[in-house]
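Novice: Numbering (our numbering), first residue to last: 746 to 1501. Glycine included, each C-beta is placed from N, C-alpha and C at the ideal position. Have a look at the structure that comes next, please.
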């Protein structure tokens, strides 16, 4: 079960009353579940929502939400070690629908065209071993795949069946999850040989206004249809075909980032009488390879009771009026492998026995072993964003050129992948290898068995780096272009792009951590996970800006990792690369939500002379750690566009010192100066900045009201520039304190206030 303490913390942070949503939660842009989320279904249980769907070769995952926009991975209903699981592209679970029935959670899915179910007392599990669902003799075809569950008002429940082009049906289930023998054969819906609805696949049902609604997808090319009946029957005359389920007449349909919505979940109705549907959908063109991403859209019923779902156009939609409970945006999360069990966000690729990994042999480290000397073992997450930086700390002792371990990004059909690994060359020399297709860059590994690896994605370009300390990085070769991965439509194994960890060969690999989006690596602003008001700008040198920034607009960059003591570091400042042809404005940096979260910085953006001239602007940030969703809120007095953004990143303090040089927006300081600490008043940390015109011995000390020295913050040589130090007063009582900077003939003192 989710921790009560954590939930109480989230409740206090996010003010989750029904009508007190943060501004950042009042709207959303699709997809709400980035990355491959095929054939998704949805179930409402009290105030909670659950979704799952087809996983194909990766291990299936159950997601949980309280607001339909923010989702978290909570369970894997079918273990990768299940003996019936396959180990080839497309060889896993098809379909999947979690429901709550008679006090238990059930998940129905298909494997090799055979239906199974698993059960659990809680949605987080543990889940039982799969039980095969028997084919009722009264149905002239087997139960098939891509099926769903419908629970009627009288608590009777049904398996909504699809098997092949001509076969649709509704099968009543007993309390044991097995068919009772009562079936409704809908073989008239898509008869051979005309097949008017192509495959009529992924059928779902719900009830509204006294009608049974039956909705189905045409095929992978798109299109969703819906029909209804006042009674549950197999009689064709009782069913009224209503036509398209999605609003295909939306005037903005042509500019949508996604095309041809289908394979929708059943519609669910909230307490405010609004209805919603989740559905998977491919992006257009160059990003189609990321798979069918999870989109949320509202369903509207007209006066005749016909349901029409919003078309997933590229705009901000009003979010359901529901509490988020502090669940972050659904992107891959950092993992420090501090638990005894793998987080359910991770999936194995294909059948994988439990002996092939461990989190207990060496606490704080994940051990991965190859499935065989030639069969890799891969631990993967969805890959649904256009910019991120993957980091791992690896311990690996390769014994031959066949032994490899590290990071990878894999195309859905498993035929292409980007790899950054530790290995041996054919000559037996330790190397770090960065490869894609026919391109391989090898550099000698002078670090040793334990090293850091980093993959940085900037749209379709990926760079590989290594380090001995996770601070100073060396590039391996040059960027590779993975457009073939990102645009590939896999209509045979149906799986989208994945990212994660990889080992092959005879030796086991140890992974200390996995970072998804490093706060200290530049973040491309054109790719927010969620946004309001802003748009993507003009393409320049392969990237775009975040454009049309006005007062009150905002953008979200999810899953940003600042470190936890094991992985570096305390942020010192935040830097934005921006252009501005007006008087500008400011960027407020918030963590986890706007208004109800934690504002850590405000950076002023002034004119750069033109929209095509970009400069950097820097602001100090309050000390923070951990993983956060970073919101940028834009403010200004201009009525038009304030500025454009290209990049932002955080500068880290040294791991062994609280001091770090900080880049300045101006030239070398002309004189010594001591700035007012920020924030002030503070509790318990604050930042003190000072300027040095030339290399000098600097003394910076803190005193109490009696003139007694409390702390020495600096006492060494500093080069010319602007510098800062974080003062931690957690051991001091509330009151007034002074800090003094001394350098050569210069002395300056300022006052600060500690408030407990």
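How many whole angstroms separate the CB atoms of residue 781 and residue 1240, which I take to be in contact at a CB cut-off of 8 Å?
Specialist: On the chain shown, residue 781 is found 36 positions in, with the first residue counted as 1. On the chain shown, residue 1240 is found 495 positions in, with the first residue counted as 1. Yes, they are in contact, since the Cβ atoms of residue 781 and residue 1240 sit about 6 Å apart, within 8 Å.
Novice: Quick one: what does DSSP say residue 1335 is sitting in, helix, strand or coil?
Specialist: In the chain shown, the residue the question calls residue 1335 occupies position 590. Residue state, collapsed to three classes: strand.
Novice: When you compare the CB positions of residue 841 and residue 909, do they come within less than 7 Å of one another, or not?
Specialist: Start at 1 with the first residue of the chain shown, and residue 841 comes out as number 96. Start at 1 with the first residue of the chain shown, and residue 909 comes out as number 164. It is not a contact, given that the beta carbons lie outside the stated cut-off.
Novice: Pull up the CB-CB distance for residue 1456 and residue 1447, whole angstroms please, since I reckon it's below 8 Å.
Specialist: For the purposes of this step, residue 1456 is identified with residue 711 of the chain shown, where counting begins at 1. For the purposes of this step, residue 1447 is identified with residue 702 of the chain shown, where counting begins at 1. That belief holds up - the Cβ atoms of residue 1456 and residue 1447 are roughly 4 Å apart, short of 8 Å.
Novice: Among 1444, 1204, 1017, which has the Cα closest to the Cα of residue 1229?
Specialist: In the chain shown, the residue the question calls residue 1229 occupies position 484. Among 1444, 1204, 1017, the Cα nearest to that of residue 1229 is on 1204.
Novice: Under three-state DSSP, which class holds residue 1480?
Specialist: Residue numbering aside, residue 1480 sits at position 735 when the chain shown is read from its first letter. In the structure shown, the three-state DSSP call for residue 1480 is strand.
Novice: Going by C-alpha distance, which of 1360, 1392, 1183 is nearest residue 1267?
Specialist: Position 522 of the chain shown holds residue 1267. Here the closest residue by C-alpha is 1392.
Novice: Excluding five sequence neighbours on each side, which residues of the same chain lie with their C-beta closer than 6 Å to the C-beta of residue 1510?
Specialist: Because the chain is modelled from 746 through 1501, residue 1510 falls outside the range shown and cannot be assessed.
Novice: Relative to the alpha-carbon of residue 1378, which residue among 1217, 982, 1276 has its alpha-carbon at the smallest distance?
Specialist: Here the question's residue 1378 lines up with position 633 in the chain shown. For the residues 1217, 982, 1276, the minimum Cα distance to residue 1378 belongs to 1276.
Novice: From 934, 1118, 901, pick the residue whose C-alpha is nearest to that of residue 922; which is it?
Specialist: Within the chain shown, the letter at position 177 stands for residue 922. Check the Cα spacing between residue 922 and each of 934, 1118, 901: the tightest is with 901.
Novice: Using 8 Å for Cβ pairs, my map puts residue 1013 next to residue 787. What's the rounded Cβ distance?
Specialist: What you label residue 1013 is simply residue 268 of the chain shown in a count that begins at 1. What you label residue 787 is simply residue 42 of the chain shown in a count that begins at 1. Sure, about 6 Å apart at Cβ, within 8 Å.
Novice: Using three-state DSSP, classify residue 962 as helix, strand or coil.
Specialist: Translated into positions along the chain shown, residue 962 becomes position 217. Of the three classes helix, strand and coil, the one that applies to residue 962 here is strand, per DSSP.
Novice: For a test of the three-state rule: what should DSSP assign to residue 1031, helix, strand or coil?
Specialist: By 1-based counting over the chain shown, the position of residue 1031 is 286. In the structure shown, residue 1031 sits in a helix (DSSP, three-state: H, G or I).
Novice: By the three-class DSSP mapping on this structure, what secondary structure does residue 770 have?
Specialist: The residue labelled residue 770 in the question sits at position 25 within the chain shown. Residue 770 carries a helical assignment under DSSP once its states are collapsed to helix, strand and coil.
Novice: Would you call residue 1035 buried or exposed, if buried means 16 or more other Cβ atoms sit within 10 Å of its Cβ?
Specialist: Taking the first residue of the chain shown as 1, we reach residue 1035 at position 290. The residue in question, residue 1035, is buried, as its Cβ has 16 or more Cβ neighbours within 10 Å.
Novice: Mind checking which residues open and close the alpha helix (DSSP H) that includes residue 1229?
Specialist: Looking up residue 1229 in the chain shown gives position 484. Taken as a continuous stretch (DSSP letters only), the alpha helix (DSSP H) holding residue 1229 covers 1228–1231.
Novice: Who are the near neighbours of residue 987 in its chain, counting only those whose CB is closer than 7 Å to its CB and skipping five residues on each side?
Specialist: On the chain shown, residue 987 is found 242 positions in, with the first residue counted as 1. Within the same chain, residue 987 has close Cβ partners 971, 972, 973, 1051.
Novice: Assign residue 792 to buried or exposed, taking buried as 16 or more other Cβ atoms, counted over all protein chains shown, within 10 Å of its Cβ.
Specialist: The residue labelled residue 792 in the question sits at position 47 within the chain shown. Residue 792 should be labelled exposed.
Novice: Along the beta strand (DSSP E) that carries residue 1473, what are the first and last residues, could you check?
Specialist: The sequence position of residue 1473 within the chain shown is 728, counting from 1. 1466–1473 is the extent of the beta strand (DSSP E) around residue 1473.
Novice: Under a Cβ-count criterion, where at least 16 other Cβ atoms within 10 Å of its own Cβ denotes burial, should residue 926 be classed as buried or exposed?
Specialist: On the chain shown, position 181 is the one that residue 926 refers to. By the neighbour-count rule (16 or more Cβ atoms within 10 Å), residue 926 is not buried but exposed.
Novice: How many Å lie between residue 1074 and residue 1039 at the Cα?
Specialist: Counting from 1 along the chain shown, the entry for residue 1074 is found at position 329. Counting from 1 along the chain shown, the entry for residue 1039 is found at position 294. About 12 Å.
Novice: Looking only at its own chain, which residues have a Cβ that is under 8 Å from the Cβ of residue 1410, when we skip the five neighbours before and after it?
Specialist: Taking the first residue of the chain shown as position 1, residue 1410 is located at position 665. Only weak support is given to the placement of residue 1410: the predicted model assigns it a pLDDT of 37, under 50, and the value that follows is read from those uncertain coordinates. For residue 1410, where only same-chain residues beyond five positions count, the Cβ hits under 8 Å are 1360, 1361, 1362, 1363.
Novice: If residue 873 and residue 864 are in contact, beta carbons under 8 Å, what's the gap, nearest whole angstrom?
Specialist: Mapped onto the chain shown, residue 873 falls at position 128. Mapped onto the chain shown, residue 864 falls at position 119. About 5 Å separates the CB atoms of residue 873 and residue 864; that is less than 8 Å, so the two are in contact.
Novice: Throw me the rounded Cβ distance for the residue 1248 and residue 1367 pair, which I believe falls under 8 Å.
Specialist: Within the chain shown, numbered from 1, the residue matching residue 1248 stands at position 503. Within the chain shown, numbered from 1, the residue matching residue 1367 stands at position 622. Not quite, the Cβ-Cβ distance comes to about 39 Å (not below 8 Å), so this is no contact.
Novice: Pull up the DSSP beta-bridge partners for residue 1082, would you.
Specialist: Start at 1 with the first residue of the chain shown, and residue 1082 comes out as number 337. None; residue 1082 has no bridge partner.
Novice: In chain order, what residues of the same chain have a beta carbon less than 6 Å from the beta carbon of residue 1483, not counting five sequence neighbours either side?
Specialist: If you number the chain shown from 1, residue 1483 lands on position 738. Cβ within range, chain order: 1448, 1494, 1496.
Novice: Whether or not the segment 1323–1338 and the segment 1376–1390 are in contact is what I'm after, with contact meaning three or more pairs of Cβ atoms, one per stretch, closer than 8 Å; do they touch?
Specialist: yes
Novice: Would you mind sorting residue 1031 into buried or exposed? The rule is 16 or more other CB atoms within 10 Å of its CB.
Specialist: Start at 1 with the first residue of the chain shown, and residue 1031 comes out as number 286. So residue 1031 ends up on the exposed side.
Novice: Determine the direct distance from the alpha carbon of residue 1157 to that of residue 1243, and round the result to whole angstroms.
Specialist: As a first step, residue 1243 is located in the chain shown; it is residue number 498 there, counting from the start. As a first step, residue 1157 is located in the chain shown; it is residue number 412 there, counting from the start. About 7 Å.
Novice: What is the DSSP secondary structure of residue 1490, reduced to helix, strand or coil?
Specialist: As a working mapping, residue 1490 is identified with position 745 in the chain shown. Note: residue 1490 maps to coil in three-state DSSP.
Novice: For residue 1394, report the span of its beta strand (DSSP E) as first-last.
Specialist: Locating residue 1394 in the chain shown gives position 649, where the first residue counts as 1. Note, residue 1394: beta strand (DSSP E), 1389–1397.
Novice: Are the Cβ atoms of residue 1299 and residue 1376 separated by less than 7 Å?
Specialist: Taking the chain shown and counting its residues from 1, the one referred to as residue 1299 is at position 554. Taking the chain shown and counting its residues from 1, the one referred to as residue 1376 is at position 631. Yes.
Novice: Assess, as a yes-or-no matter, whether the segment 1116–1129 is touched by the segment 1169–1179 under the definition of 3 or more beta carbon pairs within less than 8 Å.
Specialist: Too few Cβ pairs lie closer than 8 Å, so no.
Novice: Does the contact criterion of 3 or more C-beta pairs under 8 Å hold for the segment 1051–1067 versus the segment 802–820?
Specialist: Yes: the two stretches touch, three or more of their Cβ pairs being nearer than 8 Å.
Novice: So, helix, strand or coil for residue 1347, using DSSP?
Specialist: Here residue 1347 refers to the residue found at position 602 of the chain shown. Three-state result, residue 1347: strand.
Novice: Could you give the C-beta distance for residue 949 and residue 1001, rounded to a whole number, given that I count them as a contact under 8 Å?
Specialist: Counting from one through the chain shown, the residue named residue 949 turns up at place 204. Counting from one through the chain shown, the residue named residue 1001 turns up at place 256. Contact flag wrong, Cβ pair sits at about 23 Å.
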